[in-house]
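Numbering (mature numbering (1 follows the signal peptide of the UniProt record, and there is no 0)) for the sequence shown: -15 to -1, 1 to 242. For glycine and all other residues, C-beta sits at the position ideal for the given N, C-alpha and C.
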Amino acid sequence: MKLFVAALLVVAATATPVFRRPRLVDRRVVGGEDAEPGQFPHQVTFQYYGSHLCGGSVLDENTVITAAHCCDIFSDPSGASIIAGNHLLEGSDSTEQAIDVADIIINADFGFDLSNDICLLKLAEPLELNDAVQPIALPGDREEPEEGDILIASGWGTTSSGGNLPEVLQWVRVPYVNDNVCDNLNGGVAESMICAGNVEDGGVDTCQGDSGGPLTDEAVSKLLGLTSWGYGCAQPGYPGVYTQVSYFLDWIAENSK
């Protein structure tokens, strides 16, 4: 984790985001397509002094959820902000809302092994909810996808490992991979993690800059995961690993007050 934190500090200093999977400093949507404006109204960009750092999702008008490894570089919220309602990473959308972060709440059990990789951002002022900015529903307690389910990941991360950030929000369909298969392939996969990707062929995945962003069901009706870690991007045999939101409902409720 020291190497990762050092990398994040370099990123912050150079304003060049290189995030997704902190274990190997990797995570953009690979093999995806451009989103339509308003297609993912829960999606936000979490920024550090105006530069994209990670993804996140709107939980309510005062709260955004993201990954803890996106938050643990901050000793206080100075320079932290989010933009909701945007489609383009640079420039401005008429629907976007930029708001400073007032408080950063990292799960106290977040560890070097990237367990409990979850963080809440409390906003300095409330979002105005409209067609372009909407909260996403949470799953049921310990809810998990079923074999064969297709999930949706989105973000402004790089489209290849070490590549450039896209201008337009990207999204991709990724097959669910059960925990046993994922742990055999990646190792270090806890029950509170969820995996998705094309194990045989690769080609679809999240990547650098997607960390903390949403993994949803195919209908994009509920937040199942937060982009967390993996080995490279879209490589065969290495599905992406996400924080499983359904394991943290009590923590979210307690810290969203």
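A straight-line Cα-Cα distance of about 10 Å links Ser196 and Thr30.
The alpha-carbon separation between Cys104 and Glu176 amounts to approximately 18 Å. Where Ala53 is concerned, the enclosing alpha helix (DSSP H) starts and stops at 53 to 56. For Trp236, there is no enclosing beta strand (DSSP E); the residue is part of the alpha helix (DSSP H) that begins and ends at 234 to 240.
Under the criterion of beta carbons closer than 8 Å, Val162 and Gly182 qualify as touching, at roughly 6 Å.
Counting every other CB atom within 10 Å of its CB across the protein chains shown gives Ala65 a total of 16 or more, marking it as buried. Contiguous beta strand (DSSP E) elements confined to the segment 141 to 168 occur at 155 to 162, taking only those with 3 or more residues. The beta carbons of Leu112 and Ser241 sit no closer together than 8 Å. Secondary structure note for Ser36: its beta strand (DSSP E) is the uninterrupted segment 36 to 45. In the DSSP annotation of this structure, the continuous segment of the beta strand (DSSP E) that includes Tyr227 starts and ends at 225 to 229. With a contact defined as Cβ atoms closer than 8 Å, Pro199 and Ser100 miss out at about 20 Å. Each residue's CA atom was taken as its position, placing Val205 and Ile84 some 24 Å apart. Where Ser213 is concerned, the enclosing beta strand (DSSP E) starts and stops at 208 to 214. For the 8 Å CB-CB criterion, Gly40 and Gly140 form a contact. In this structure, the CA atom of Trp236 is about 18 Å from the CA atom of Leu108. Residue environment: Ser60 is assigned as exposed (fewer than 16 neighbouring CB atoms within 10 Å of its CB, all protein chains considered).
When secondary structure is reduced to three states using DSSP, Leu114 falls in the coil class, being assigned neither helix nor strand.
Between Phe95 and Ala53, the gap from beta carbon to beta carbon is short of 8 Å. Around the beta carbon of Val49, 16 or more other beta carbons sit within 10 angstroms, so the residue counts as buried.
Relative to the Cα of Gly225, the nearest Cα in the group Tyr232, Phe233, Leu234, Thr212 belongs to Thr212. In this structure, the beta-carbon distance from Thr80 to Ala117 falls below 8 Å. In the structure shown, Leu123 adopts coil according to DSSP, grouped into three states.
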